Each structure stands twice: as structure tokens, then as C-alpha cells.
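In order, the protein sequences belong to chains A and B. Following my numbering, the numbering of the first sequence begins with 225 at its first residue and continues without gaps. Following my numbering, the numbering of the second sequence begins with 15 at its first residue and continues without gaps. Beta carbons are placed, not taken as given, at the ideal position from N, Cα and C, and that holds for glycine. A quick note: this is a predicted structure, and the numbers were derived from the prediction, not measured.
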Amino acid sequence: GAVVSQHPSRVICKSGTSVKIECRSLDFQATTMFWYRQFPKQSLMLMATSNEGSKATYEQGVEKDKFLINHASLTLSTLTVTSAHPEDSSFYICSAHLTGGGRNEKLFFGSGTQLSVL
Amino acid sequence: GENVEQHPSTLSVQEGDSAVIKCTYSDSASNYFPWYKQELGKRPQLIIDIRSNVGEKKDQRIAVTLNKTAKHFSLHITETQPEDSAVYFCAASNPFSGGYNKLIFGAGTRLAVHP
């Protein structure tokens, strides 16, 4: 199946710093990627939809100025957590689907990034 | 928007028994319902999915049923094995609201299969 690579897998940072997470589709093009966050023993909560070449669409309650999303190419979306605070500590995971998929398209997940803010 | 509820939150079975996880959804326009298995600290893995034009789908020991009228769908695992132990998530998407792959997830079910 298709591969989605996410980096870094784990990051520890000081409060107030910014952290960038990359999501790459390695063997296919993805016009749309999704960013989720997952707290321990909880579900995946959709944060935003990342669209190549346009602004991201954020879910209600997600601060767009805090979670900056850039989808500059068909294979790369980045999520930057700005001025991180301990409450931002979470597992962040991206997903991507094939361009022009249709009814048989599948969603592929990255391996996730565990962010710990001290 | 869509809301997906999942039950039970935890499920413990003996090896060889069957396990059933149930989900309900709120948006009647949703028509794609995948199930994911997630092991600790790893990415969710798609194990089976169903679209609204069918009522049941089976893949070896795993089956999914869908009742569109009642807006609920279920995952059935037969002959459970210890390696089935993981967290299982159901999800739903409305193709007219963000596309097939804008998934809204249930809260998850932690399945433990005891030898």
C-alpha cells in the first residue's frame, strides 16, 4: 500500500518554542491531508484539513494561529505548533489520500509524532 | 456535523471467543464507514470498511454490518487471538462534507484477548 512518512516521531521541547512536524506521501500525490491529535487513551480528533496550494480548513475550536499548516506541494504538509505549552503535549498524526481517488480511495496514516512540552 | 459514538470502551474476551464493537452515527448523509486497529504508539491500520450500498462485508475473521435506517454499524471479530488485542476505532465520513476521507472517529474500544 501507499506510504505516508511523518517526522519527527518524537520531540521534546521547552515551553514557548515552536515545533514543526512534516507529513510526506512517499509514492503518491495527495492534494488533501488531514491532521489529528490524540491524547492518551483517547480518540483521534480532527484538527484541520490541509489543501495543497490553499489555506487549511480548521475544525471548530482549533486555533489556526497556533497550529500553522502549510501544504506547499502535492507530497508534503507541515504542522507547526507555535509557542508550545505543556497542554499541547499530545500525539499528532497526519493522513493522506490519493489524488483523484474516487470511491475506491483509501486513507493512509503517518506514523505519528509524540510531542512533549516541558 | 457528524458525531460517532462507540461502545464498549473496553472489552475483554477469552481467546477463541467472538468480539463485537458497535458504533452509531448522527449524519444520515454519511456513507463510508471504516474500522481501524491501533496498537500503542503506532499508526491506525485500516482493517475493514463498508460503504452504504451494502449491508455486510466479511474478510476472514472480521466482518462489518451496517444498518442505515438505525444509523449504526458493528465490527465482529470471530475466533479472537491474543494478537487481536489493540484499540479499535470506528469512523464515518460524509462525501458531501469534506470528502470520503474526512473521517470522524469514535472514542475507541480497547480489546484485550486473554489466552
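Within chain A, no C-beta atom comes less than 9 Å from the C-beta of I62(B); the nearest is roughly 12 Å away.
Shortest Cα-Cα distance from V243(A) to any of E283(A), F252(A) and S233(A) involves S233(A). The C-alpha of S314(A) lies about 25 Å from the C-alpha of K330(A). Contact of K116(B) with chain A by beta-carbon distance below 8 Å involves F258, L270 and T273. Under the DSSP definition of a beta bridge, P48(B) partners with D63(B). Excluding sequence positions up to five before and after D73(B), its CB lies within less than 7 Å of the CB of I62, all in the same chain and listed in chain order. In the DSSP annotation of this structure, the continuous segment of the beta strand (DSSP E) that includes T24(B) starts and ends at T24 to Q28. When C-alpha distances from E287(A) are compared across H321(A), A272(A), C247(A) and N294(A), the shortest belongs to A272(A). Distance from the CA atom of A43(B) to the CA atom of K85(B), rounded to whole angstroms, is 10 Å. The Cβ neighbour count for F119(B), taken over all protein chains shown within 10 Å, is at least 16; the residue is labelled buried.
Assigned with DSSP and collapsed to three states, E19(B) falls in strand. Against chain A, the beta carbon of R57(B) has neighbours under 7 Å at I317, F333, G334, S335 and G336, listed in chain order. Excluding residues up to 5 positions away in sequence, E93 and T94 lie with their Cβ nearer than 7 Å to the Cβ of G30(B) in the same chain. For A121(B), the nearest CB of chain A lies under 8 Å from its own CB, placing it at the interface with that chain. N108(B) and Y282(A) have their C-alpha atoms spaced approximately 17 Å apart.
When rounded, the separation of the alpha-carbon atoms in L80(B) and K71(B) is 9 Å. Assigned with DSSP and collapsed to three states, E283(A) falls in coil, not helix or strand.
Scanning the segment 77-127 of chain B for uninterrupted beta strand (DSSP E) segments of 3 residues or longer gives 86-91 and 100-106, listed from N- to C-terminal end. Legend: CB atoms of the segment 94-109 of chain B lying less than 7 Å from CB atoms of chain A belong to residues F103. When only Cα atoms are considered, R261(A) and A226(A) end up about 22 Å apart. Secondary structure at E276(A): coil, using DSSP grouped into helix, strand and coil.
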